[in-house]
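Data block below; observations after.
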Amino acid sequence: MAKLNVEICGVKLKNPVIAASGTFGFGREYNEVYDISVLGGVSTKGMTLEARSGNPVPRIAEGRSVILNAVGLQNPGVGHFIKHDLEFLKSKGVAVVANVAGKTLDEYGEICARLDGLVDFVELNISCPNVKAGGMAFGIKPESIKEVTRVSKNSLKKTPLMVKLSPNVESIPVNAQAAQSGGADCISLINTLTGMAIDLDARKPVIANNTGGVSGMGIKPVALRMVYEAAHAVDIPVIGMGGIASGTDALEFMLAGASAVQVGTANFTDANAMPRIIREMNDWLDSRKIKDVNEIINTLELN
Numbered sequence: 000m001a002k003l004n005v006e007i008c009g010v011k012l013k014n015p016v017i018a019a020s021g022t023f024g025f026g027r028e029y030n031e032v033y034d035i036s037v038l039g040g041v042s043t044k045g046m047t048l049e050a051r052s053g054n055p056v057p058r059i060a061e062g063r064s065v066i067l068n069a070v071g072l073q074n075p076g077v078g079h080f081i082k083h084d085l086e087f088l089k090s091k092g093v094a095v096v097a098n099v100a101g102k103t104l105d106e107y108g109e110i111c112a113r114l115d116g117l118v119d120f121v122e123l124n125i126s127c128p129n130v131k132a133g134g135m136a137f138g139i140k141p142e143s144i145k146e147v148t149r150v151s152k153n154s155l156k157k158t159p160l161m162v163k164l165s166p167n168v169e170s171i172p173v174n175a176q177a178a179q180s181g182g183a184d185c186i187s188l189i190n191t192l193t194g195m196a197i198d199l200d201a202r203k204p205v206i207a208n209n210t211g212g213v214s215g216m217g218i219k220p221v222a223l224r225m226v227y228e229a230a231h232a233v234d235i236p237v238i239g240m241g242g243i244a245s246g247t248d249a250l251e252f253m254l255a256g257a258s259a260v261q262v263g264t265a266n267f268t269d270a271n272a273m274p275r276i277i278r279e280m281n282d283w284l285d286s287r288k289i290k291d292v293n294e295i296i297n298t299l300e301l302n
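Per numbering that gives the first Met the number 0, the very first residue in the sequence shown carries number 0; after that it's consecutive.
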């Protein structure tokens with residue numbers, strides 16, 4: 000069997016497949032389906048300092064090869080995670096990626112300080128609105144990306160910082176460089192695209208929030224392009240995601256420059272998606288007599 004373990008920012012993962020934030024909770028429910036210790040890592044539900052009830056329903060709509068969601072960061076708060084869920088994830092031997100969000104720079108700094116040394120990575124969700132700057136998302140402009148990254152990094156003395164980039168921007172390479180300049184140890188992308196679904200008879204958007212984040216197999220070509228661009232704009236590791244539903248999908252992202260991948264929406268349509276993806280990656284590598292998955296990272300040859 001091919002060697003699947005990878006190392007990112009000094010953290011060793013048994014394989015490059017990580018559960019994406021917002022699609023896996025804190026792992027307990029999926030662990031009833033299979034032993035999640037087979038995974039490389041788990042990125043937690045996005046957490047805030049205090050518990051949040053999220054947006055009004057309906058929150059989710061289906062499309063062709065995609066779903067839209069506007070859950071609104073419903074979560075029990077970081078204190079609840081530390082007390083009730085952290086040790087469970089650690090006991091599974093997976094890399095624990097704590098996905099965090101804030102409404103202000105100070106909130107990002109505080110939540111990072113609380114998690115420092117407790118998890119393997121802190122992953123910044125910077126698609127959230129900055130309430131002190133007119134409501135524009137932290138992740139839109141490179142200047143704000145650099146600043147929220149800098150504040151968060153200054154609060155982390157032991158834990159590597161991963162910055163999750165939004166695709167709803169002018170330039171992914173520029174924003175990737177801004178994260179690196181702010182002190183990010185690695186970046187992950189893409190977060191969801193912004194979209195809308197309409198109920199024709201009601202003449203209203205399906206989602207109560209009107210718009211939502213688009214994810215699923217339909218966004219894969221966009222995600223692949225952005226991961227390639229980001230990986231060739233920075234000198235830090237890149238974790239790729241966006242529409243991954245098979246082992247070959249995952250390997251394409253690694254070929255484009257990703258050191259690992261995250262799998263999200265595929266978990267909704269196939270509860271066993273990630274164990275299957277890991278097996279399919281191994282089968283493809285074995286069939287090509289490739290002994291180590293690291294051999295294919297960033298080996299894409301353009302026409």
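Even glycine gets a Cβ: it sits at the ideal position worked out from N, Cα and C.
Open item on the list: Between Met280 and Gln261, how many whole angstroms is the CB-CB distance? I'm expecting something under 8 Å.
Closed with: Here residue 280 corresponds to residue number 281 of the sequence shown, with the count starting at 1. Here residue 261 corresponds to residue number 262 of the sequence shown, with the count starting at 1. Not quite, the Cβ-Cβ distance comes to about 14 Å (not below 8 Å), so this is no contact.
Open item on the list: For Gly211, tell me which candidate among Asp34, Ala50 and Leu72 has the shortest Cα-Cα distance.
Closed with: Locating residue 211 in the sequence shown gives position 212, counting from the first residue. The candidate whose alpha carbon is nearest that of Gly211 is Leu72.
Task: Own chain, CB closer than 7 Å to Asn54, minus 5 neighbours either side, in chain order - done: Here residue 54 is taken as the residue at index 55 of the sequence shown, counted from 1. Closer than 7 Å at Cβ, skipping near neighbours: Ala69, Val70, Gly71, Ala207 and Asn208.
- [ ] Can you tell me which of Ser258, Ile59, Gly217 and Pro159 puts its alpha carbon nearest to the alpha carbon of Asp198?
- [x] If you number the sequence shown from 1, residue 198 lands on position 199. Measuring from the Cα of Asp198, the nearest candidate turns out to be Ile59.
Open item on the list: Which same chain residues end up closer than 7 Å to Leu284 when comparing Cβ atoms and leaving out the 5 residues on each side of it in sequence?
Closed with: The residue you call residue 284 lines up with position 285 of the sequence shown. Closer than 7 Å at Cβ, skipping near neighbours: Ala1 and Val292.
Open item on the list: Suppose contacts are defined by Cβ-Cβ distances below 8 Å. Is Val96 in contact with Leu123 by that definition?
Closed with: On the sequence shown, position 97 is the one that residue 96 refers to. On the sequence shown, position 124 is the one that residue 123 refers to. No, Cβ-Cβ distance for Val96 and Leu123 is not below 8 Å.
Task: Where Ile189 sits in the DSSP three-state scheme - done: Along the sequence shown, read from residue 1 onward, the residue named residue 189 stands at position 190. Coil, per DSSP.
- [ ] With DSSP as the reference, label Val82 as helix, strand or coil.
- [x] Position 83 of the sequence shown, counted from the first residue, corresponds to residue 82. Here residue 82 turns out to be Lys, not Val, going by the sequence shown. Note: Lys82 maps to helix in three-state DSSP.
Open item on the list: Taking only three categories from DSSP, how would you classify Asn153?
Closed with: Counting from one through the sequence shown, the residue named residue 153 turns up at place 154. Helix.
Open item on the list: According to DSSP, simplified to helix, strand and coil, what is Asp282?
Closed with: Numbered from 1 along the sequence shown, position 283 holds the residue referred to as residue 282. Here Asp282 sits in helix by DSSP.
- [ ] Taking only runs that begin and end inside the segment 50-120, name each unbroken beta strand (DSSP E) of 3 or more residues, in chain order.
- [x] 59-61, 66-68 and 94-99
Task: Distance CB(Met225)-CB(Leu250) smaller than 8 Å - done: For the purposes of this step, residue 225 is identified with residue 226 of the sequence shown, where counting begins at 1. For the purposes of this step, residue 250 is identified with residue 251 of the sequence shown, where counting begins at 1. No; because the gap between Cβ atoms is not below 8 Å, this pair is not in contact.
TODO: Decide if Met135 is buried, meaning its Cβ has at least 16 other Cβ atoms within 10 Å, or exposed.
DONE: Residue numbering aside, residue 135 sits at position 136 when the sequence shown is read from its first letter. Looking at its Cβ environment, which holds fewer than 16 other Cβ atoms inside 10 Å, Met135 is exposed.
TODO: Pull up the DSSP beta-bridge partners for Asp198, would you.
DONE: Within the sequence shown, numbered from 1, the residue matching residue 198 stands at position 199. DSSP lists Lys203 as partners of Asp198.
Task: For Ser180, the three-state DSSP class (helix, strand or coil) - done: One-based indexing of the sequence shown puts residue 180 at position 181. Three-state result, Ser180: helix.
Open item on the list: Here's the rule I'm using: 16 or more other beta-carbon atoms within 10 Å means buried, otherwise exposed. How should Lys145 be labelled?
Closed with: Locating residue 145 in the sequence shown gives position 146, counting from the first residue. The residue is buried, with at least 16 neighbouring Cβ atoms inside 10 Å.
TODO: On a CA-only basis, which of Val41, Thr148 and Ser154 is nearest Ala183? Give me that one, please.
DONE: For the purposes of this step, residue 183 is identified with residue 184 of the sequence shown, where counting begins at 1. Among Val41, Thr148 and Ser154, the Cα nearest to that of Ala183 belongs to Thr148.
- [ ] Going by DSSP, name the residue or residues bridged to Ser42.
- [x] Here residue 42 refers to the residue found at position 43 when the sequence shown is read from its first residue. Note: Ser42 sits in a beta bridge opposite Val96.
- [ ] Report yes or no: do the segment 85-96 and the segment 104-111 share at least 3 C-beta pairs separated by less than 8 Å?
- [x] no
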